[in-house]
Amino acid sequence: MSPHLEFVLLDPLGLVLLPAHDEYPPQYGSPVPPIPPKLMRRMLLSGIWQRYERGHIPTLEEAAVALAELPFVKTSMANIDDCALAKTIATSMSHARSPYSLRELPDMAKLLDNLRDQLNLKLVCTTNATREEMCMLQSRLPTAFARFDTIIISGEEGVGKTSQQFMQVALQKAGIRHAHHCMYLDACDMQSIVAARSVGMHAALIQPHQLIARINPFARRINLEELANLEALTPLIPQPHSAPQVGAVNTLCASFTTAIYVHIINSCNSPSNVMSQQHLHNKKFSENTCPQDSNPSLLTEKSMSDNANHHSAESPPRTLGI
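Heads up: the sequence shown runs through residues -18 to -1, 1 to 304, numbered per mature numbering (1 follows the signal peptide of the UniProt record, and there is no 0).
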């Protein structure tokens, strides 16, 4: 008999809370950062920023000074004086990470409420954030974070959510005895998906179709009214010795018409299956990964996609019908 799901772990930033610069209060300054978006993203993926998120760099100002010394930052921001560069970076990062620049997606919020209230699942927040950032988020968006039974952040654990260690700590702090009773949800972070799988959880990507389709061709449009009960999800739980599979589930619930895209990634719980394609690691991505989070079992988007294509050539994806 398949075990029941009891917990849902997710990162609300990017999944439930998205940037909304048009709603940024004027008294807090302009929400438009002077740093180009691509450069901002590259800095957010840098080892320096990851060390800041994990609490190894105490303040945003110190992180900004270190970022200002990176060659690609100096080259891209050559029009800004060196003395002002660190301050510009700190201001831009502060705006980008401010809770005043976030809005809650009503449909995703409703989905979480249904998972908690109708299916009695416990919700666990797992995100990369410092203690100060989380305090600001909870103060600014109390309703959004009140849904969670447990909140786990990288700033307190010293590692990021892309690591197995973080996922194991999340299981322990949330009081989860069996990882296969958990579903991990993320917007598009494949490393976090694989980290969750590697400790025995089940993982799902929830994203607009045009984004998730680039990650895996098995992504399907599903209607939010279709998840009637928890039993609909249990066939997706692999048995201990079953072969790894990639399947699409056409079930999720709510009483509204908005469609969402969900892709369920199934595999047996053995970490060795996740490690089978470690030679496909992307060198550039690994350079941007904090040493504390380095793990040979984590795969890149390319390796996950290649693995999915390999399985699709052998057999069609397993789909759950209502």
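C-beta atoms are modelled at their ideal positions from N, C-alpha and C, and glycine is treated no differently.
Counting along the chain, E115 sits inside the alpha helix (DSSP H) bounded by residues R113 to R122.
Assignment of H38 by DSSP, reduced to helix, strand and coil, places it in the coil class. Just so you know, the alpha carbons of Y166 and A72 end up roughly 32 Å apart.
H160 is classed as exposed because its beta carbon has fewer than 16 other beta carbons within 10 Å across all chains shown. Taken in chain order, the unbroken stretches of beta strand (DSSP E) that lie wholly in the stretch 30 to 106 and span 3 residues or more are 84 to 86.
Contact annotation, L(-2) with E86: C-beta distance approximately 6 Å; criterion of less than 8 Å satisfied. Around the CB of N110, 16 or more other CB atoms lie within 10 Å, so the residue is classed as buried. When C-alpha distances from H77 are compared across M118, C164, L(-9) and K56, the shortest belongs to M118. Spanning the alpha carbons of A128 and D89 requires a straight line of approximately 17 Å.
A152 counts as buried, since at least 16 other C-beta atoms from the protein chains shown sit within 10 angstroms of its C-beta.
A distance below 7 Å separates the beta carbons of V47 and A68. Between E35 and G140, the beta carbon gap of about 10 Å keeps them out of contact (Cβ cut-off 8 Å). Taking 3 residues as the shortest admissible run, the stretch 153 to 194 contains the following complete beta strand (DSSP E) segments, listed from N- to C-terminal end: 164 to 168 and 184 to 188. The beta-bridge partner set that DSSP reports for P1 consists of L84. The C-beta separation of L(-10) from V106 comes to about 4 Å, placing the pair in contact by the 8 Å criterion. In this structure, M183 is the residue among A50, M183, I17 and L103 with its C-alpha nearest to the C-alpha of Q146.
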